[in-house]
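In our numbering, the protein residues as written are 25 to 488. C-beta: ideal position from N, C-alpha, C; glycine also.
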(Lines of atoms letter the chains of each structure in order from A and count residues from 1; the text may use other names and numbers.)
(Lines give C-alpha, C1' and ligand atoms only; values in the text may rest on other atoms or scores of the structure.)
Protein backbone atom coordinates (compact mmCIF):
# COMPACT_ATOMS: atom_id res chain seq x y z
CA UNK A 1 0.00 0.00 0.00
CA UNK A 2 1.35 3.44 -0.98
CA UNK A 3 0.61 6.54 1.14
CA UNK A 4 2.99 9.47 0.51
CA UNK A 5 3.29 11.36 3.79
CA UNK A 6 5.37 14.03 5.49
CA UNK A 7 5.30 15.45 9.02
CA UNK A 8 6.09 19.16 9.28
CA UNK A 9 6.97 19.94 12.89
CA UNK A 10 7.07 23.64 13.66
CA UNK A 11 8.77 25.29 16.63
CA UNK A 12 6.03 26.83 18.72
CA UNK A 13 5.91 30.53 19.51
CA UNK A 14 2.72 31.84 21.16
CA UNK A 15 0.68 34.21 19.02
CA UNK A 16 2.51 33.48 15.76
CA UNK A 17 1.14 31.64 12.76
CA UNK A 18 2.68 28.25 12.09
CA UNK A 19 5.13 28.14 9.18
CA UNK A 20 3.61 24.79 8.27
CA UNK A 21 0.38 26.60 7.34
CA UNK A 22 2.25 28.89 4.94
CA UNK A 23 3.92 25.85 3.37
CA UNK A 24 0.58 24.03 2.94
CA UNK A 25 -0.95 27.09 1.27
CA UNK A 26 2.00 27.46 -1.12
CA UNK A 27 2.03 23.76 -2.04
CA UNK A 28 -1.69 23.87 -2.82
CA UNK A 29 -1.23 27.02 -4.92
CA UNK A 30 1.51 25.20 -6.83
CA UNK A 31 -0.97 22.51 -7.82
CA UNK A 32 -0.16 19.70 -5.39
CA UNK A 33 -3.13 17.62 -4.21
CA UNK A 34 -3.08 17.61 -0.41
CA UNK A 35 -4.72 15.72 2.43
CA UNK A 36 -4.26 17.79 5.57
CA UNK A 37 -3.89 16.65 9.18
CA UNK A 38 -3.22 18.44 12.47
CA UNK A 39 -1.01 16.35 14.75
CA UNK A 40 -1.83 18.29 17.92
CA UNK A 41 -4.77 20.19 19.41
CA UNK A 42 -4.60 23.73 18.04
CA UNK A 43 -8.01 25.06 17.09
CA UNK A 44 -6.73 28.39 15.72
CA UNK A 45 -4.32 26.62 13.36
CA UNK A 46 -6.97 24.05 12.47
CA UNK A 47 -9.42 26.74 11.42
CA UNK A 48 -6.76 28.84 9.64
CA UNK A 49 -5.72 25.80 7.61
CA UNK A 50 -9.35 25.07 6.67
CA UNK A 51 -9.97 28.65 5.54
CA UNK A 52 -6.71 29.14 3.65
CA UNK A 53 -6.69 25.78 1.85
CA UNK A 54 -10.49 25.57 1.52
CA UNK A 55 -10.65 21.90 2.46
CA UNK A 56 -11.28 19.71 5.53
CA UNK A 57 -8.55 18.97 8.08
CA UNK A 58 -8.37 15.85 10.25
CA UNK A 59 -7.12 15.85 13.84
CA UNK A 60 -4.46 13.15 14.28
CA UNK A 61 -3.47 13.41 17.94
CA UNK A 62 -1.67 10.25 19.24
CA UNK A 63 -2.87 10.72 22.82
CA UNK A 64 -6.50 11.23 21.83
CA UNK A 65 -6.38 8.21 19.50
CA UNK A 66 -5.15 6.14 22.47
CA UNK A 67 -2.53 4.05 20.76
CA UNK A 68 -0.69 3.10 17.61
CA UNK A 69 -3.35 0.88 16.04
CA UNK A 70 -6.17 3.44 16.43
CA UNK A 71 -4.11 6.29 14.99
CA UNK A 72 -2.88 4.22 12.06
CA UNK A 73 -6.43 3.07 11.27
CA UNK A 74 -7.63 6.68 11.31
CA UNK A 75 -4.78 7.84 9.07
CA UNK A 76 -5.28 4.92 6.68
CA UNK A 77 -8.98 5.69 6.29
CA UNK A 78 -8.42 9.39 5.54
CA UNK A 79 -5.10 9.48 3.65
CA UNK A 80 -4.97 9.08 -0.12
CA UNK A 81 -2.32 7.43 -2.33
CA UNK A 82 -2.93 10.16 -4.93
CA UNK A 83 -2.16 13.06 -2.55
CA UNK A 84 0.67 14.43 -0.49
CA UNK A 85 -0.58 13.58 2.99
CA UNK A 86 0.71 16.47 5.07
CA UNK A 87 0.71 16.30 8.88
CA UNK A 88 1.34 19.61 10.69
CA UNK A 89 2.33 19.42 14.33
CA UNK A 90 4.06 21.24 17.17
CA UNK A 91 7.80 20.62 17.49
CA UNK A 92 7.91 22.20 20.94
CA UNK A 93 10.17 25.01 22.08
CA UNK A 94 12.89 26.12 24.46
CA UNK A 95 11.84 27.74 27.72
CA UNK A 96 14.91 29.97 27.56
CA UNK A 97 18.07 30.36 25.48
CA UNK A 98 20.01 28.11 27.84
CA UNK A 99 17.37 25.42 28.36
CA UNK A 100 17.07 22.19 26.40
CA UNK A 101 14.65 21.95 23.48
CA UNK A 102 11.52 20.13 24.68
CA UNK A 103 9.73 18.01 22.08
CA UNK A 104 6.12 17.10 22.96
CA UNK A 105 5.25 13.45 23.38
CA UNK A 106 2.67 13.72 20.58
CA UNK A 107 5.34 14.79 18.06
CA UNK A 108 7.59 11.85 18.92
CA UNK A 109 4.67 9.43 18.77
CA UNK A 110 3.57 10.70 15.35
CA UNK A 111 7.02 9.97 13.93
CA UNK A 112 6.97 6.53 15.55
CA UNK A 113 3.45 5.53 14.48
CA UNK A 114 3.50 6.91 10.93
CA UNK A 115 7.09 5.82 10.19
CA UNK A 116 7.75 8.68 7.80
CA UNK A 117 10.01 11.65 7.21
CA UNK A 118 9.73 14.50 9.73
CA UNK A 119 10.90 18.00 8.81
CA UNK A 120 11.63 20.33 11.75
CA UNK A 121 11.19 24.07 11.23
CA UNK A 122 13.10 26.17 13.75
CA UNK A 123 13.33 29.86 14.57
CA UNK A 124 16.76 31.33 13.92
CA UNK A 125 16.40 34.90 15.12
CA UNK A 126 19.47 34.56 17.33
CA UNK A 127 22.99 33.45 16.42
CA UNK A 128 23.58 30.51 14.11
CA UNK A 129 25.57 28.77 16.87
CA UNK A 130 22.52 28.62 19.17
CA UNK A 131 20.28 27.43 16.33
CA UNK A 132 22.65 24.65 15.24
CA UNK A 133 22.92 23.47 18.85
CA UNK A 134 19.11 23.23 19.01
CA UNK A 135 19.08 21.24 15.74
CA UNK A 136 21.60 18.70 17.04
CA UNK A 137 19.59 18.36 20.27
CA UNK A 138 16.42 17.63 18.29
CA UNK A 139 18.09 15.08 16.02
CA UNK A 140 19.64 13.38 19.05
CA UNK A 141 16.22 13.08 20.75
CA UNK A 142 14.74 11.36 17.71
CA UNK A 143 17.75 9.07 17.36
CA UNK A 144 17.54 8.13 21.04
CA UNK A 145 13.93 7.04 20.47
CA UNK A 146 15.14 4.98 17.48
CA UNK A 147 12.71 6.81 15.23
CA UNK A 148 12.98 7.50 11.53
CA UNK A 149 16.01 9.70 10.82
CA UNK A 150 15.63 13.41 10.10
CA UNK A 151 16.94 14.09 6.60
CA UNK A 152 15.75 17.67 6.12
CA UNK A 153 15.37 20.87 8.08
CA UNK A 154 14.04 24.36 7.51
CA UNK A 155 14.41 27.71 9.28
CA UNK A 156 12.30 30.80 9.81
CA UNK A 157 13.02 34.38 10.88
CA UNK A 158 16.69 34.10 9.91
CA UNK A 159 18.43 37.42 10.60
CA UNK A 160 19.96 37.81 7.12
CA UNK A 161 21.35 35.89 4.13
CA UNK A 162 24.83 35.73 5.66
CA UNK A 163 23.42 34.09 8.79
CA UNK A 164 21.55 31.53 6.66
CA UNK A 165 24.77 30.66 4.82
CA UNK A 166 26.45 30.02 8.17
CA UNK A 167 23.52 27.87 9.25
CA UNK A 168 23.57 25.86 6.04
CA UNK A 169 27.32 25.24 6.32
CA UNK A 170 27.22 24.23 9.99
CA UNK A 171 24.22 21.95 9.52
CA UNK A 172 26.09 20.22 6.69
CA UNK A 173 29.19 19.82 8.86
CA UNK A 174 27.51 18.54 12.02
CA UNK A 175 24.52 16.53 10.73
CA UNK A 176 23.40 14.51 7.73
CA UNK A 177 20.31 16.71 7.23
CA UNK A 178 19.73 18.84 4.14
CA UNK A 179 18.67 22.48 4.57
CA UNK A 180 15.48 23.01 2.54
CA UNK A 181 15.37 26.80 2.90
CA UNK A 182 14.25 29.62 5.13
CA UNK A 183 11.27 31.90 5.64
CA UNK A 184 12.23 35.57 6.05
CA UNK A 185 11.27 37.33 9.27
CA UNK A 186 9.25 39.92 7.34
CA UNK A 187 6.78 37.18 6.37
CA UNK A 188 6.03 36.28 9.99
CA UNK A 189 2.38 36.91 10.86
CA UNK A 190 0.30 37.02 14.04
CA UNK A 191 -2.21 34.25 14.66
CA UNK A 192 -5.78 35.54 14.07
CA UNK A 193 -8.39 34.96 16.75
CA UNK A 194 -10.49 31.82 16.40
CA UNK A 195 -13.65 33.94 16.53
CA UNK A 196 -12.44 36.04 13.57
CA UNK A 197 -11.63 32.92 11.56
CA UNK A 198 -15.11 31.53 12.29
CA UNK A 199 -16.98 34.73 11.45
CA UNK A 200 -18.66 35.51 8.14
CA UNK A 201 -15.58 37.48 7.05
CA UNK A 202 -13.11 34.69 7.83
CA UNK A 203 -11.35 35.11 4.48
CA UNK A 204 -10.63 38.72 5.44
CA UNK A 205 -9.13 37.64 8.78
CA UNK A 206 -6.89 35.16 6.95
CA UNK A 207 -5.84 37.64 4.24
CA UNK A 208 -2.52 38.66 5.90
CA UNK A 209 -1.53 34.99 6.11
CA UNK A 210 -2.44 34.36 2.46
CA UNK A 211 -0.49 37.44 1.45
CA UNK A 212 2.53 36.14 3.36
CA UNK A 213 2.23 32.73 1.68
CA UNK A 214 2.05 34.27 -1.79
CA UNK A 215 5.15 36.36 -1.08
CA UNK A 216 6.93 33.21 0.06
CA UNK A 217 5.88 31.42 -3.14
CA UNK A 218 7.37 34.22 -5.22
CA UNK A 219 10.74 33.84 -3.47
CA UNK A 220 11.66 30.75 -5.47
CA UNK A 221 15.31 30.85 -4.40
CA UNK A 222 14.42 30.79 -0.67
CA UNK A 223 12.81 27.33 -0.50
CA UNK A 224 13.41 24.12 -2.48
CA UNK A 225 9.73 23.41 -3.05
CA UNK A 226 10.18 20.29 -5.19
CA UNK A 227 11.81 18.50 -2.24
CA UNK A 228 8.56 18.45 -0.24
CA UNK A 229 7.02 16.00 -2.71
CA UNK A 230 10.23 13.97 -2.80
CA UNK A 231 10.42 13.80 1.00
CA UNK A 232 6.82 12.61 1.24
CA UNK A 233 7.81 9.63 -0.89
CA UNK A 234 11.01 8.66 0.95
CA UNK A 235 9.07 6.14 3.02
CA UNK A 236 5.71 5.97 1.28
CA UNK A 237 5.23 2.23 1.72
CA UNK A 238 2.45 1.60 4.25
CA UNK A 239 1.82 -1.64 6.03
CA UNK A 240 -2.00 -1.83 6.14
CA UNK A 241 -3.53 -1.56 9.59
CA UNK A 242 -6.11 -4.26 10.17
CA UNK A 243 -9.57 -2.85 10.89
CA UNK A 244 -10.32 -2.68 14.59
CA UNK A 245 -14.04 -3.43 14.31
CA UNK A 246 -16.58 -4.43 11.68
CA UNK A 247 -19.16 -2.08 10.14
CA UNK A 248 -22.59 -1.82 11.72
CA UNK A 249 -25.11 -4.49 10.81
CA UNK A 250 -27.22 -1.99 8.80
CA UNK A 251 -24.21 -0.70 6.84
CA UNK A 252 -25.25 1.51 3.95
CA UNK A 253 -28.77 2.06 5.27
CA UNK A 254 -28.16 4.43 8.21
CA UNK A 255 -28.13 8.18 7.44
CA UNK A 256 -26.55 10.56 9.94
CA UNK A 257 -27.27 14.27 9.50
CA UNK A 258 -24.21 16.44 10.22
CA UNK A 259 -24.95 20.09 10.97
CA UNK A 260 -22.75 22.34 8.82
CA UNK A 261 -21.63 25.84 9.76
CA UNK A 262 -18.19 27.53 9.48
CA UNK A 263 -17.70 27.71 13.24
CA UNK A 264 -18.54 23.99 13.75
CA UNK A 265 -15.23 22.73 12.33
CA UNK A 266 -12.76 23.26 15.17
CA UNK A 267 -12.47 19.57 16.01
CA UNK A 268 -11.73 18.44 12.45
CA UNK A 269 -13.66 15.82 10.49
CA UNK A 270 -12.42 12.62 12.15
CA UNK A 271 -15.79 11.63 13.64
CA UNK A 272 -17.45 11.80 10.23
CA UNK A 273 -14.74 9.57 8.77
CA UNK A 274 -15.40 6.97 11.46
CA UNK A 275 -19.13 7.09 10.73
CA UNK A 276 -18.40 6.37 7.06
CA UNK A 277 -15.88 3.67 7.95
CA UNK A 278 -18.52 1.94 10.08
CA UNK A 279 -21.04 2.00 7.24
CA UNK A 280 -23.12 5.13 7.88
CA UNK A 281 -24.02 7.69 5.24
CA UNK A 282 -23.14 11.27 6.20
CA UNK A 283 -25.79 13.77 5.09
CA UNK A 284 -24.97 17.50 5.17
CA UNK A 285 -27.50 19.80 6.83
CA UNK A 286 -26.40 23.45 6.37
CA UNK A 287 -27.40 25.63 9.28
CA UNK A 288 -28.11 28.65 7.12
CA UNK A 289 -28.84 27.05 3.76
CA UNK A 290 -31.40 24.92 1.95
CA UNK A 291 -31.51 21.18 2.64
CA UNK A 292 -31.05 19.46 -0.73
CA UNK A 293 -31.70 15.82 0.18
CA UNK A 294 -34.81 13.76 0.78
CA UNK A 295 -33.40 10.65 2.52
CA UNK A 296 -34.70 9.51 5.93
CA UNK A 297 -32.52 10.64 8.83
CA UNK A 298 -31.61 8.16 11.59
CA UNK A 299 -29.37 10.38 13.69
CA UNK A 300 -27.96 13.88 14.13
CA UNK A 301 -24.39 14.97 14.85
CA UNK A 302 -23.58 18.56 15.91
CA UNK A 303 -19.77 18.93 15.71
CA UNK A 304 -17.63 20.86 18.15
CA UNK A 305 -17.10 24.56 17.56
CA UNK A 306 -18.23 28.07 18.43
CA UNK A 307 -21.89 27.18 18.11
CA UNK A 308 -23.03 30.42 19.72
CA UNK A 309 -21.90 32.38 16.62
CA UNK A 310 -24.85 30.82 14.80
CA UNK A 311 -27.24 30.45 17.71
CA UNK A 312 -30.11 32.34 16.07
CA UNK A 313 -29.75 30.17 12.96
CA UNK A 314 -30.00 27.04 15.14
CA UNK A 315 -33.39 28.04 16.46
CA UNK A 316 -34.57 29.45 13.15
CA UNK A 317 -33.82 26.28 11.16
CA UNK A 318 -37.15 24.43 10.96
CA UNK A 319 -35.63 21.28 9.47
CA UNK A 320 -33.07 20.97 12.29
CA UNK A 321 -35.70 21.67 14.94
CA UNK A 322 -37.88 18.91 13.49
CA UNK A 323 -34.99 16.41 13.47
CA UNK A 324 -34.04 17.21 17.06
CA UNK A 325 -37.66 16.98 18.18
CA UNK A 326 -37.90 13.49 16.68
CA UNK A 327 -34.60 12.50 18.26
CA UNK A 328 -35.54 13.86 21.69
CA UNK A 329 -37.25 10.58 22.56
CA UNK A 330 -33.82 8.98 22.85
CA UNK A 331 -34.53 6.27 20.28
CA UNK A 332 -32.28 7.69 17.56
CA UNK A 333 -28.62 8.68 17.54
CA UNK A 334 -27.99 12.26 18.67
CA UNK A 335 -24.58 13.66 19.58
CA UNK A 336 -23.58 17.20 20.53
CA UNK A 337 -20.00 17.73 21.66
CA UNK A 338 -17.70 20.46 22.91
CA UNK A 339 -18.84 23.98 22.11
CA UNK A 340 -22.10 22.69 20.59
CA UNK A 341 -23.26 20.98 23.79
CA UNK A 342 -25.23 24.01 25.08
CA UNK A 343 -27.69 23.69 22.20
CA UNK A 344 -29.27 20.57 23.73
CA UNK A 345 -29.55 22.09 27.22
CA UNK A 346 -32.05 24.44 28.80
CA UNK A 347 -30.51 27.84 29.43
CA UNK A 348 -27.58 29.35 27.49
CA UNK A 349 -25.53 32.34 28.62
CA UNK A 350 -23.54 33.81 25.73
CA UNK A 351 -20.03 35.34 26.02
CA UNK A 352 -19.59 38.82 27.56
CA UNK A 353 -19.14 40.31 24.07
CA UNK A 354 -22.90 39.99 23.56
CA UNK A 355 -23.45 42.66 26.22
CA UNK A 356 -26.71 42.56 28.13
CA UNK A 357 -28.48 40.39 25.56
CA UNK A 358 -26.73 37.20 26.66
CA UNK A 359 -29.52 34.88 27.74
CA UNK A 360 -31.01 32.29 25.36
CA UNK A 361 -33.06 29.13 25.61
CA UNK A 362 -31.70 25.82 24.35
CA UNK A 363 -33.70 22.96 22.87
CA UNK A 364 -34.25 21.60 26.43
CA UNK A 365 -33.56 18.01 25.44
CA UNK A 366 -31.19 17.40 28.38
CA UNK A 367 -31.25 18.86 31.93
CA UNK A 368 -28.40 21.37 32.16
CA UNK A 369 -27.63 25.04 31.67
CA UNK A 370 -24.54 26.30 29.84
CA UNK A 371 -22.33 29.36 30.15
CA UNK A 372 -19.84 30.51 27.51
CA UNK A 373 -17.32 32.25 29.75
CA UNK A 374 -15.45 34.08 26.99
CA UNK A 375 -15.62 34.63 23.26
CA UNK A 376 -12.31 32.85 22.66
CA UNK A 377 -11.60 29.27 23.71
CA UNK A 378 -8.75 28.83 26.17
CA UNK A 379 -6.01 26.22 25.99
CA UNK A 380 -7.68 22.81 25.43
CA UNK A 381 -7.02 20.10 27.98
CA UNK A 382 -6.90 16.40 27.12
CA UNK A 383 -9.05 14.19 29.29
CA UNK A 384 -10.26 10.62 29.51
CA UNK A 385 -13.89 9.72 30.14
CA UNK A 386 -14.48 6.82 32.53
CA UNK A 387 -17.78 4.99 32.98
CA UNK A 388 -19.76 6.27 35.98
CA UNK A 389 -23.36 5.27 35.29
CA UNK A 390 -24.87 3.10 32.58
CA UNK A 391 -24.88 4.75 29.16
CA UNK A 392 -24.82 3.52 25.56
CA UNK A 393 -21.27 4.69 24.78
CA UNK A 394 -19.05 3.63 27.69
CA UNK A 395 -20.80 0.74 29.38
CA UNK A 396 -18.02 -1.26 31.01
CA UNK A 397 -15.43 -0.57 33.68
CA UNK A 398 -12.64 -1.21 31.16
CA UNK A 399 -14.05 1.10 28.48
CA UNK A 400 -12.83 4.67 28.12
CA UNK A 401 -12.93 7.37 25.48
CA UNK A 402 -10.44 10.22 25.06
CA UNK A 403 -11.21 13.81 24.15
CA UNK A 404 -10.43 17.38 25.06
CA UNK A 405 -12.38 20.29 26.46
CA UNK A 406 -12.07 24.03 26.74
CA UNK A 407 -12.11 25.65 30.17
CA UNK A 408 -14.14 28.53 28.73
CA UNK A 409 -17.37 26.53 28.63
CA UNK A 410 -19.21 25.54 31.81
CA UNK A 411 -22.20 23.23 32.17
CA UNK A 412 -24.47 23.22 35.23
CA UNK A 413 -26.73 20.16 35.71
CA UNK A 414 -30.21 20.47 37.13
CA UNK A 415 -29.73 17.12 38.88
CA UNK A 416 -26.10 16.13 39.65
CA UNK A 417 -26.84 12.41 39.33
CA UNK A 418 -27.60 12.80 35.63
CA UNK A 419 -23.94 12.88 34.60
CA UNK A 420 -22.98 9.63 32.92
CA UNK A 421 -19.19 9.69 33.17
CA UNK A 422 -16.17 11.16 34.94
CA UNK A 423 -13.25 12.98 33.36
CA UNK A 424 -9.69 12.13 34.37
CA UNK A 425 -6.33 13.38 33.15
CA UNK A 426 -5.21 9.79 32.52
CA UNK A 427 -5.84 6.27 33.79
CA UNK A 428 -4.10 7.11 37.06
CA UNK A 429 -4.81 10.83 36.92
CA UNK A 430 -6.91 12.92 39.25
CA UNK A 431 -10.63 13.46 38.72
CA UNK A 432 -11.20 16.68 36.77
CA UNK A 433 -14.98 16.84 36.99
CA UNK A 434 -18.18 15.08 35.98
CA UNK A 435 -19.23 15.33 32.37
CA UNK A 436 -21.78 14.25 29.75
CA UNK A 437 -25.54 13.83 29.88
CA UNK A 438 -27.31 10.87 28.40
CA UNK A 439 -30.90 9.99 27.50
CA UNK A 440 -31.32 6.79 25.56
CA UNK A 441 -29.05 7.22 22.54
CA UNK A 442 -28.71 10.99 23.05
CA UNK A 443 -25.33 12.15 24.36
CA UNK A 444 -24.02 15.64 25.05
CA UNK A 445 -20.50 16.11 26.39
CA UNK A 446 -18.42 19.19 27.10
CA UNK A 447 -15.55 17.22 25.63
CA UNK A 448 -14.78 17.18 21.95
CA UNK A 449 -14.85 13.39 21.79
CA UNK A 450 -12.35 11.33 19.83
CA UNK A 451 -14.34 8.20 18.89
CA UNK A 452 -11.26 6.73 17.17
CA UNK A 453 -10.00 6.03 20.71
CA UNK A 454 -12.98 3.68 21.21
CA UNK A 455 -14.26 2.55 17.78
CA UNK A 456 -15.96 -0.58 19.08
CA UNK A 457 -17.90 1.43 21.69
CA UNK A 458 -18.87 3.99 19.04
CA UNK A 459 -20.05 1.21 16.73
CA UNK A 460 -22.22 -0.29 19.48
CA UNK A 461 -23.77 3.13 20.11
CA UNK A 462 -24.53 3.67 16.41
CA UNK A 463 -26.26 0.31 16.23
CA UNK A 464 -28.33 1.05 19.33
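- In the three-state reduction of the DSSP assignment, residue 413 falls in the coil class.
- Annotation for residue 226: the continuous alpha helix (DSSP H) segment containing it runs 226-229.
- Check the Cα spacing between residue 89 and each of 479, 248, 67 and 483: the tightest is with 479.
- Per DSSP, reduced to three states, the secondary structure at residue 463 is strand.
- The C-beta distance from residue 176 to residue 201 rounds to 6 Å, short enough to fall under 8 Å.
- Between residue 67 and residue 282, the C-beta gap is not smaller than 7 Å, which leaves the two residues out of contact.
- Contact annotation: residue 368 and residue 389 have beta-carbon atoms nearer than 7 Å.
- Contact between residue 461 and residue 411 does not hold, since the beta-carbon distance rounds to 15 Å and is not under 8 Å.
- Note that the C-beta distance between residue 109 and residue 297 is not below 7 Å.
- The distance from the Cβ of residue 61 to that of residue 81 is about 7 Å, consistent with a contact at the 8 Å cut-off.
- Annotation for residue 70: the continuous alpha helix (DSSP H) segment containing it runs 67-77.
- The continuous stretches of alpha helix (DSSP H) do not include residue 426, which lies in the beta strand (DSSP E) extending over residues 424-429.
- The count of Cβ pairs closer than 8 Å, one atom from the region 31-40 and one from the region 113-120, reaches three, so the stretches are in contact.
- In this structure, residue 287 places its C-beta atom within 7 Å of the C-beta atom of residue 222.
- Between residue 27 and residue 262, the CB-CB gap stays under 7 Å.
- Contact annotation: residue 359 and residue 334 have beta-carbon atoms that are not nearer than 7 Å.
- The residue from 476, 179 and 456 with its alpha-carbon nearest to that of residue 417 is 476.
- Taking every protein chain shown into account, the CB of residue 198 has fewer than 16 other CB atoms within 10 angstroms, so this residue is exposed.
- Within the model, the alpha-carbon separation for residue 140 versus residue 96 is close to 12 Å.
- DSSP places residue 283 in the strand class (E or B) of the three-state scheme.
- Shortest Cα-Cα distance from residue 48 to any of 249, 187, 371 and 86 involves 249.
- Residue 180: member of the beta strand (DSSP E) spanning 176-182, first to last residue.
- Collapsing the DSSP output to three states places residue 248 in coil.
- DSSP places residue 188 in the uninterrupted alpha helix (DSSP H) bounded by 185-198.
- Counting of Cβ neighbours within 10 angstroms places residue 273 among the exposed residues, the total staying below 16.
- Judged by DSSP in its simplified three-state form, residue 239 adopts helix.
- Membership of residue 338 in the alpha helix (DSSP H) is indicated by the continuous run 335-340.
- Segment contact: the region 291-307 against the region 326-333, three or more CB-CB distances shorter than 8 Å; contact assigned.
- Residue 210 and residue 378 have their C-alpha atoms spaced approximately 36 Å apart.
- With 16 or more neighbouring CB atoms inside 10 Å of its own CB, residue 64 falls in the buried class.
- For residue 205, the enclosing beta strand (DSSP E) begins and ends at 202-208.
- Residue 232 has its alpha-carbon roughly 31 Å from the corresponding atom of residue 308.
- For residue 125, the pairing in a beta bridge is given by DSSP as 118.
- Here residue 455 is near residue 448, since their CB atoms are less than 7 Å apart.
- Secondary structure note for residue 359: its beta strand (DSSP E) is the uninterrupted segment 357-361.
- Residue burial is scored here from C-beta neighbours: residue 301 has at least 16 other C-beta atoms within 10 angstroms and is therefore classed as buried.
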